[in-house]
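Structure, as structure tokens:
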Amino acid sequence: MERILVIGCSGQIGSELTLQLRNMYGNENVFATDIRQAAKDITDTGPFYILDVMDEKRLIHFVIRHKITQIYHLAAVLSGNAEKIPLQAWDINMQSLMNILELAREVEDIRKIFWPSSIAVFGPTTPRVNTPQITVMEPNTVYGISKLAGERWCEYYFNKYKVDVRSIRYPGLISYKTEAGGGTTDYAVEIYYEAIRKRKYQCFLSPETTLPMMFMPDAIKATIDLMEAEASDIKVRSSYNISGMSFCPKEIATEIKRHVPDFEINYKPDFRQAIADSWPQSINADVAVRDWNFSCEYDLGKMSSVMIREIRKKLA
Ligand code: SER
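Quick note: to get our numbering, add 139 to the position in the sequence shown (first position is 1).
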């Protein structure tokens, strides 16, 4: 029987993945943790604890006491925020991962680890269109450097200690349940909220900045599919490219206008423009398709209909 620890259950991914895991493995077997209080649907449906992944002593006690067999480590400082506190972000992103990898090496009961990487591992010298799984990687953001280093460590722990760690390079993730915090792709979440609240949005990226994106249900499905795959099928132990859709602010604004006809957008690029300009525009996911059947359902139109409908309900 699996007993799953989710670290970062209050975040954008964790708030949805935790509930999905509870559906699959039973509420009482999914231990939600975060450094901040979780939403009611998390605390009402199963165990929730305040836990700091940086506190390795408490972490190991927790894992042993609750007989944890799988860990989803979702806590991180995202790209925009990391540029404001580079050394702290490096410390948090790296040390937390090392704590988890060491734990997995030491505690025999732990069978599997999930750790998210990002399109931020790529940099200005990477081919920007249909970026392959294996390519030039020279990230120039703190977040990207920490994710690339993390990928290298994951592969190292698999090769050296047989730690079954699995990872995905998420594109920008779009969802209506929990807003992201401090990322560069977050504009594509904010824009829906502002369209419904105020019918206008000031975008911190320029109109033509195309980035790879994915709707949360596709990201959750990909994560579960990867974690459910046979270990022998997982040929990539750094992190897998996956791909949903690609669009720029101008295109998402046009799509939103179909639902909110008087929506207006204006542009005031800030420091995050340089981050976006260093990232790919689209991603090749052939290797994930080959190894564990990665698939994805939503395009910009289909996602926008759901986003608008759900945010309208939420704000009503
Ligand atoms: N969405 C993330 C960010 O913008 C990229 O992984 O930081």
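In this text, a Cβ means the ideal position worked out from N, Cα and C, and glycines have one as well.
Distances from the CB of A215 to the heavy atoms of the ligand SER are all 6 Å or more. By the criterion of a C-beta distance shorter than 7 Å, C387 is surrounded in its chain by P346, E347, T348 and T349, once the five residues flanking it on both sides are discounted.
Inclusion of G322 in the 6 Å shell around the ligand SER follows from its C-beta lying nearer than that to a non-hydrogen atom of the ligand. A contact is defined here as three or more CB-CB pairs under 8 Å, and the stretch 362-378 meets this definition with respect to the stretch 426-445.
The shortest C-alpha to C-alpha distance from Y309 to any of H398, L213, N220 and E195 is the one to L213.
Taken from the Cβ of A358, every heavy atom of the ligand SER lies 6 Å or farther away. According to the DSSP assignment, Q341 belongs to the beta strand (DSSP E) that extends over K339 to C342.
Around the beta-carbon of T182, fewer than 16 other beta-carbon atoms lie within 10 Å, marking it exposed. With a beta-carbon spacing of about 5 Å, Q272 and N380 fall inside the 8 Å limit used to define contacts. Shown here for Q234: same chain residues with a beta carbon closer than 7 Å to its own, the five before and five after excluded, namely M193 in chain order.
Cβ neighbours of F402 within its own chain (closer than 8 Å, five residues either side excluded): A334, R338, K339, Y340, A392, I395 and K396. Put simply, the stretch 171-190 touches the stretch 153-163. At least three CB pairs are less than 8 Å apart. At least one heavy atom of the ligand SER lies less than 6 Å from the C-beta of A259. Boundaries for L158: no beta strand (DSSP E) harbours it, while the alpha helix (DSSP H) harbouring it runs G153 to Y164, taken from the DSSP string. Here the stretch 235-251 makes no contact with the stretch 435-443; the two share fewer than three CB pairs at distances below 8 Å. Not a single heavy atom of the ligand SER lies less than 6 Å from the C-beta of S377. Per DSSP, the continuous beta strand (DSSP E) segment holding D173 begins and ends at V169 to D173. Going by C-alpha positions, V202 is about 31 Å away from I313. Spatial neighbours of M366 in its own chain (CB-CB distance under 7 Å, excluding positions within 5 residues in sequence) are listed in chain order as K251, F253 and R305.
In the three-state reduction of the DSSP assignment, T270 falls in the strand class.
Relative to the ligand SER, the beta carbon of S218 is positioned inside 6 Å of a heavy atom. For the ligand SER, no non-hydrogen atom lies closer than 6 Å to the CB of G383.
The stretch 252-266 and the stretch 417-426 touch, with three or more beta-carbon pairs separated by less than 8 Å.
Beyond the five residues adjoining it in sequence on each side, E277 comes within less than 6 Å, by CB distance, of G262 and T264 in the same chain, given in chain order.
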